[in-house]
Amino acid sequence: STVVKLKSGKLLPPSQITILGMGVRPDTKVVAEAGIECTPRGHIVVNDYLQTNKASVWAAGDAIEVLNPIIGNGDKWAVPLAGPANRQGRMIADNIFGGEKKMRKFKGTYAVSVVRVFELIGACVGMN
8 STVVKLKSGK
18 LLPPSQITIL
28 GMGVRPDTKV
38 VAEAGIECTP
48 RGHIVVNDYL
58 QTNKASVWAA
68 GDAIEVLNPI
78 IGNGDKWAVP
88 LAGPANRQGR
98 MIADNIFGGE
108 KKMRKFKGTY
118 AVSVVRVFEL
128 IGACVGMN
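Following the working numbering, the numbering of the sequence shown begins with 8 at its first residue and continues without gaps.
Have a look at this one:
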C-alpha cells in the first residue's frame, strides 16, 4: 500500500495506487522566439478563430488558452485535454479552407474529462 504525506504533514489514508496530476506547462520557447505572442505562463495567444498574431499561423491544443465559459467574462484558461484539441484542429482546417466568410469561432470549453479504471469511473467538469 502507498501512503502520501502532504506538505502540511497530513497523511492520506493508505491506498493500493496513488495518481498525481501535476499540471501541464507548454514548451513554447521556439514559438515566442519566432515572434508569436505568448502569455506570461507561456501559452500561445490566439483570437476567437484560433489565429496567432502572425499571418497564416494558427495554434491549437495544450499550448493555447481558450475562453472559460464557466466564468463567462472573457477570462481564458489552459485546457490540456484531447477532446478540445481535436475540435480546435478541425475548426482550424475549416477556417483555413472555408474562407473568411465562413470562419467559425471557438467559443471555449468546459474542460470535461472522464476516466474508467476497471469498475471505477471518475469524472470532472469545471475549474478543478
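All residues carry an ideal CB built from backbone N, CA and C; glycine is no exception.
Check: Taking just the CA atoms, how far does leucine 18 sit from glutamate 107?
Finding: Walking along the sequence shown from the start, residue 107 turns up at place 100. Walking along the sequence shown from the start, residue 18 turns up at place 11. Straight-line measurement puts the Cα of leucine 18 at about 56 Å from the Cα of glutamate 107.
ask   = Going straight from the alpha carbon of glycine 11 to that of glycine 28, what length do you get?
value = As a working mapping, residue 11 is identified with position 4 in the sequence shown. As a working mapping, residue 28 is identified with position 21 in the sequence shown. The amino acid at residue 11 is misidentified as glycine; the sequence shows valine. Between valine 11 and glycine 28, the alpha-carbon positions lie close to 14 Å from each other.
- Query: Which word fits isoleucine 71, buried or exposed, when buried means at least 16 other C-beta atoms lie within 10 angstroms of its C-beta?
  - Reply: By one-based count along the sequence shown, residue 71 stands at place 64. Isoleucine 71 is buried by the Cβ-count criterion.
Practice task
Pick out whichever of Leu127, Asn60 and Lys14 has its Cα sitting closest to the Cα of valine 38.
Solution key: In the sequence shown, residue 38 corresponds to position 31, counting from 1. For valine 38, the nearest C-alpha among the options comes from Asn60.
On the three-state DSSP scale, how would you describe lysine 114? Translated into positions along the sequence shown, residue 114 becomes position 107. Lysine 114: coil per DSSP, three-state reduction.
Item to complete: For the region 48 to 98, list the beta strand (DSSP E) runs that are entirely contained and at least 3 residues long, ordered along the chain.
Response: The qualifying runs are 72 to 74 and 83 to 85.
- So is threonine 25 buried or exposed if we call it buried at 16+ other beta carbons inside 10 Å? Position 18 of the sequence shown, counted from the first residue, corresponds to residue 25. Taking every protein chain shown into account, the CB of threonine 25 has fewer than 16 other CB atoms within 10 angstroms, so this residue is exposed.
Q: Assign glycine 105 to one of two classes, buried (16 or more other C-beta atoms within 10 Å of its C-beta) or exposed (fewer than that).
A: Indexing the sequence shown from 1 puts residue 105 at position 98. Classification of glycine 105: exposed, given that the 10 Å Cβ count is below 16.
(message) Pop quiz: lysine 5 and leucine 88 are said to be a contact at Cβ under 8 Å. What is the actual Cβ separation, rounded to whole angstroms?
(response) Any question about residue 5 goes unanswered here, given that the chain covers just 8 to 135.
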